[in-house]
Structure formats: C-alpha cells, structure tokens
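Structure, as structure tokens:
In this note's numbering, the protein residues as written are 5 to 184.
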C-alpha cells in the first residue's frame, strides 16, 4: 500500500439566533476531487476529526456562578464544583451528532467573556473516525432558558485529517503454481 495523499483542514461554523442547527462536516464534500486521476488505483480513505473547539460568546445569558476551586481540591471535587456552578446558572446546551446519532451533549454558560471550550477529549481519546457518507452536525439544545441568542454566537472549529492509501491495479497479474 502506498500513501497517495495526506491532507488536513479546518471547518468553522457559527451557530447564532438565525442558525440553531448546522452541518459541521459532510465527509463527501471534503473529499470530492481527491480521487481524480486515481482510476487505476484501489483506494482506501481514512477521515479523522482530530479536534473540535467551541468559541463561545453568550452575553445575553446572566453571568454564571464561577466555581470555587482551590489548588488542593481533588479532581472529583473540581468536577463537582463545576457541575454545581453550571446547574445553578442560565445555560444552553450543544449537541453533536454523526448521522443524527448523538455523540456529545454539553452545557454552556456565560462566564462574562468569550471563551474557548475543547470538546475532543469528551468524544474520543484522540480522534473520531468518520466514513465516506457521514455527516457531523451540531445543534443548540434548550436547557430551560430558551434558545434566543440575540447577538450571541458559538463558533465551532473542527480540525480533520484525510489519508488516501492504495495500490495500482495490475491487470497483467498472473499467479502460477509449481505443479503447472
């Protein structure tokens, strides 16, 4: 097998009051044209989402209660304080799906400034592999405080890698056995 192509890219999608749901990655659209000139090859493709980040600006939500976390707190206590803070605050939810199957639901609150939230570690340890016909989408979820965003927005950046591997088809290939 020969490595025919390695490529990477980033898609950025904005969810706002007029766009509460959007496709983030349509694999078929990202790989279109990559197979041009490879008709003489048997080709396999790997499509991996390697990072997903949210850039969040939710000024219309009331300020969230900032969790009180001390350096000596255990990991379990830090998680408990964060969850308690989120549940005591106005919040939105975001849901990521592959082909309409949920892979992640996350609460988002307003901490008073635009902030970045990494999501990949909550989905998969290193990468989320998608097939040729897969669609990764995101939608906002009402968690009891509505979905109107006003001038607020959530930008979703998805980094991905594509690898094409294959071998050239050889129609002259013959197999001979010793007793022939």
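Cβ atoms here follow ideal geometry from the backbone N, Cα and C, with glycine treated the same way.
Figure out for me which residue from the options has the closest Cα to the Cα of residue i.
i           : options          : result
residue 13  : 20, 56, 153      : 56
residue 144 : 159, 75, 166, 63 : 159
residue 100 : 58, 166, 136     : 58
residue 161 : 122, 135, 168    : 122
residue 41  : 8, 71, 130, 22   : 8
residue 166 : 136, 70, 28, 142 : 136
residue 33  : 87, 140, 46      : 140
residue 103 : 22, 46, 134      : 134
If you draw a straight line from the C-alpha of residue i to the C-alpha of residue j, how long is it?
i           : j           : result
residue 181 : residue 10  : 38 Å
residue 95  : residue 146 : 8 Å
residue 74  : residue 85  : 10 Å
residue 151 : residue 117 : 19 Å
residue 77  : residue 35  : 46 Å
residue 148 : residue 67  : 16 Å
residue 173 : residue 48  : 13 Å
residue 114 : residue 124 : 21 Å
Between the beta-carbon of residue i and the beta-carbon of residue j, is there less than 8 Å?
i           : j           : result
residue 138 : residue 60  : no
residue 64  : residue 153 : yes
residue 52  : residue 126 : no
residue 82  : residue 98  : no
residue 168 : residue 112 : no
residue 157 : residue 19  : yes
residue 120 : residue 92  : no
residue 28  : residue 15  : yes
The beta strand (DSSP E) spanning residue i covers which residue range?
i           : result
residue 169 : 157–172
residue 64  : No beta strand (DSSP E) holds residue 64; DSSP gives it neither H nor E.
residue 91  : Careful: residue 91 lies outside any beta strand (DSSP E), inside the alpha helix (DSSP H) at 79–91.
residue 26  : 25–30
residue 73  : Taken as a continuous stretch (DSSP letters only), residue 73 belongs to no beta strand (DSSP E), as it is neither H nor E.
Compute the minimum distance between the beta carbon of residue i and the heavy atoms of the ligand HEM, and state whether it is under 7 Å.
i           : result
residue 146 : For the ligand HEM, the structure offers nothing, since it holds no ligand at all.
Check for me: the alpha helix (DSSP H) holding residue i runs from which residue to which?
i           : result
residue 126 : 124–127
Report the partner residues of residue i according to the DSSP bridge assignment.
i           : result
residue 148 : Looking at the DSSP assignment, residue 148 forms no beta bridge with any residue, so it has no partner.
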